[in-house]
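Student: The UniProt record's numbering numbers the first residue of the sequence shown as 1 and each following residue consecutively.
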Amino acid sequence: MSKAVVLGAAGGIGQPLALLLKCNPLVKELSLYDIVNTPGVAADLSHISTPAKVEGFLPADDGLKKALTGADVVVIPAGVPRKPGMTRDDLFKINAGIVRDLATGIATVAPKAFVLVISNPVNSTVPIVAEVFKKHGVFDPKRLFGVTTLDVVRASTFSAEVLGDVSLAPSISVPVVGGHSGVTIVPLFSQSSHPLPKDFSESSLQALTTRVQFGGDEVVKAKDGAGSATLSMAYAGAEFATKVIKALNGEKGIVAPTYVNLNADKEGGDALKKEIGKSLDYFSTNVELGPEGVAKIHTLGKLTSFEQGLIQTAVPELETNITKGVSFVETPKL
Ligand SMILES: NC(=O)C1=CN([C@@H]2O[C@H](COP(=O)(O)OP(=O)(O)OC[C@H]3O[C@@H](n4cnc5c(N)ncnc54)[C@H](O)[C@@H]3O)[C@@H](O)[C@H]2O)C=CC1
Ligand SMILES: O=C([O-])CC(=O)C(=O)O
Numbered sequence: 001m002s003k004a005v006v007l008g009a010a011g012g013i014g015q016p017l018a019l020l021l022k023c024n025p026l027v028k029e030l031s032l033y034d035i036v037n038t039p040g041v042a043a044d045l046s047h048i049s050t051p052a053k054v055e056g057f058l059p060a061d062d063g064l065k066k067a068l069t070g071a072d073v074v075v076i077p078a079g080v081p082r083k084p085g086m087t088r089d090d091l092f093k094i095n096a097g098i099v100r101d102l103a104t105g106i107a108t109v110a111p112k113a114f115v116l117v118i119s120n121p122v123n124s125t126v127p128i129v130a131e132v133f134k135k136h137g138v139f140d141p142k143r144l145f146g147v148t149t150l151d152v153v154r155a156s157t158f159s160a161e162v163l164g165d166v167s168l169a170p171s172i173s174v175p176v177v178g179g180h181s182g183v184t185i186v187p188l189f190s191q192s193s194h195p196l197p198k199d200f201s202e203s204s205l206q207a208l209t210t211r212v213q214f215g216g217d218e219v220v221k222a223k224d225g226a227g228s229a230t231l232s233m234a235y236a237g238a239e240f241a242t243k244v245i246k247a248l249n250g251e252k253g254i255v256a257p258t259y260v261n262l263n264a265d266k267e268g269g270d271a272l273k274k275e276i277g278k279s280l281d282y283f284s285t286n287v288e289l290g291p292e293g294v295a296k297i298h299t300l301g302k303l304t305s306f307e308q309g310l311i312q313t314a315v316p317e318l319e320t321n322i323t324k325g326v327s328f329v330e331t332p333k334l
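(1) Pick from 59, 105, 125: whose alpha carbon is nearest that of residue 79?
(2) Tell me whether the beta-carbon of residue 215 lies closer than 8 Å to the beta-carbon of residue 154.
(3) Any idea what DSSP makes of residue 229, helix, strand or coil?
(4) Return yes when at least one heavy atom of ligand 2 lies under 7 Å from the C-beta of residue 339, else no.
(5) Among 33, 96, 92, which one has its Cα closest to the Cα of residue 69?
(6) Which of the three DSSP states, helix, strand or coil, is assigned to residue 114?
(7) Quick check: does the Cβ of residue 90 come within less than 7 Å of any heavy atom belonging to ligand 2?
(8) Looking only at DSSP bridge pairs, what is residue 161 linked to?
(9) I need the DSSP call for residue 285, collapsed to helix, strand or coil.
(10) Could you check the C-alpha separation between residue 265 and residue 242 for me, to the nearest Å?
(11) Is residue 261 near ligand 3, with its Cβ less than 7 Å from a heavy atom?
(12) Please name the residue in 197, 61, 309 whose C-alpha comes closest to that of residue 164.
(13) Hey, is the region 219 to 232 in contact with the region 131 to 140, meaning 3+ C-beta pairs nearer than 8 Å?
(14) Tell me the residue span of the alpha helix (DSSP H) that contains residue 169.
(15) Report yes if the C-beta distance between residue 172 and residue 159 is below 8 Å; otherwise report no.
(16) Are there 16 or more other CB atoms within 10 angstroms of the CB of residue 47, so buried, or fewer, so exposed?
(17) Is any heavy atom in ligand 1 found nearer than 7 Å to the beta carbon of residue 87?
(18) Do residue 27 and residue 49 come within 8 Å of each other at the CB atom, strictly closer than that value?
(19) Just to confirm before moving on: does the CB-CB distance between residue 146 and residue 194 stay below 8 Å?
(20) Please list, in chain order, all residues of the same chain as residue 139 whose beta carbon is under 7 Å from its beta carbon, the five residues on each side excluded.
(21) Taking Cβ to Cβ, would you say residue 91 is nearer than 8 Å to residue 100?
(22) Say the cut is 7 Å; is the CB of residue 180 nearer than that to a heavy atom of ligand 2?
(23) Are the Cβ atoms of residue 272 and residue 304 separated by less than 8 Å?
(24) What I want to know is whether the C-beta of residue 295 ends up closer than 7 Å to one or more non-hydrogen atoms of ligand 1.
(25) Starting from residue 293, follow the beta strand (DSSP E) in both directions and report where the run begins and ends.
(26) Let me confirm a value: residue 348 is counted as buried when at least 16 other C-beta atoms fall within 10 Å, else exposed. Which label applies?
(27) Using three-state DSSP, classify residue 338 as helix, strand or coil.
(28) Any heavy atom of ligand 2 closer than 7 Å to the CB of residue 318?
(29) Classify residue 257 as helix, strand or coil using the three-state DSSP reduction.
(30) So which of 275, 314, 59, 111 has the shortest CA-CA distance to residue 98?
(31) Between residue 67 and residue 57, how many whole angstroms is the CB-CB distance? I'm expecting something under 8 Å.
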């Protein structure tokens, strides 16, 4: 039984994510923090007949500190979402500072908590959290995760559509590696639990891959200025948080793709760096979760030449995104 905290809990993702966590029997306490509306969201959720005790906090009266005290898992969907025509990197200007300040709160109040970062651009916001924790001398790479589960959820859903049986979607597992924006998102369909049809053409594979890489844009366009994915993200965020909480409670054999610091498991991380041909500090890959967080970083395994090409395209962009996050905390210029 764990205490979960959502930072940005009154937002489009925060509210349905808080609902799903309130319905999770493994959550004993749920603290909701935002700059607005959390007392109302908490009062509303508190009437649901599940065990989790819900409280809402605002910045006044040390609200962040109160929300974070005793936290086991902190999920961060705070920040602005995209509008049509924007990239995730365009959000950096606003979200980098928001994430840095929240990370400072966590590093001070709950340095041992598992931190799950949803706020975009994830490729850069995760390094920001790490750098803040380093500044406070409390960084444990095993406890920091970028949430890339929505890419995995999309890969399952879109594969099921291609296979002509949407009922398969929940059981389809496709590793999605790299990062969480555009070409840094690399679905490995060759390793899917449910292989694509034998006669699936190279151009169809390219189209399916592009759909996963730019699935977020599909939602941004459809919402037409009203934001980006919220409900599917809440579902994905709750899925991943549940995995982390189960591992924290001692359940074994939980493996999920997530964006991690590759020093979290030196052996696995070094092997992965060799595979991608670049010494990046962060990468999303299958990770085995344990009671201390990252237990083992899995390498990518056998890739097709198409997938190798995708990785080679992803690496330079990821490197730029990582450097941008790191240098923001080292020398804030914005
Ligand atoms: N990792 C992923 O796969 C995905 C990430 N996202 C990202 O999640 C973030 C949130 O998206 P939405 O919920 O749609 O946005 P939203 O605007 O609906 O909600 C964001 C919430 O954050 C709050 N907030 C702003 N500054 C804050 C601060 N300093 N402390 C606490 N709360 C603060 C706002 O008041 C608001 O309630 C965006 O950056 C978006 O790009 C969205 C979808 C998928
Ligand atoms: O596209 C966006 O901006 C939100 C996001 O990260 C996603 O839906 O994958």
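Backbone N, C-alpha and C fix where the C-beta goes; we use that ideal spot for every residue, glycine too. Keep in mind the model is a prediction, meaning the values are calculated, not measured.
Tutor: Once the coordinates are examined:
(1) 125
(2) yes
(3) coil
(4) No answer is possible for residue 339: the residues shown for the chain start at 1 and end at 334.
(5) 33
(6) strand
(7) no
(8) None, per the DSSP bridge assignment.
(9) strand
(10) 22 Å
(11) This structure lacks ligand 3; its bound ligands are ligand 1 and ligand 2.
(12) 197
(13) no
(14) Element bounds for residue 169: n/a, residue is neither H nor E.
(15) yes
(16) exposed
(17) no
(18) no
(19) no
(20) 130, 133
(21) no
(22) yes
(23) no
(24) no
(25) 293 to 297
(26) The first residue shown for the chain is 1 and the last is 334, placing residue 348 beyond what the model contains.
(27) Residue 338 cannot be examined here, being either before or after the span of the chain that is shown, 1 to 334.
(28) no
(29) strand
(30) 59
(31) 4 Å
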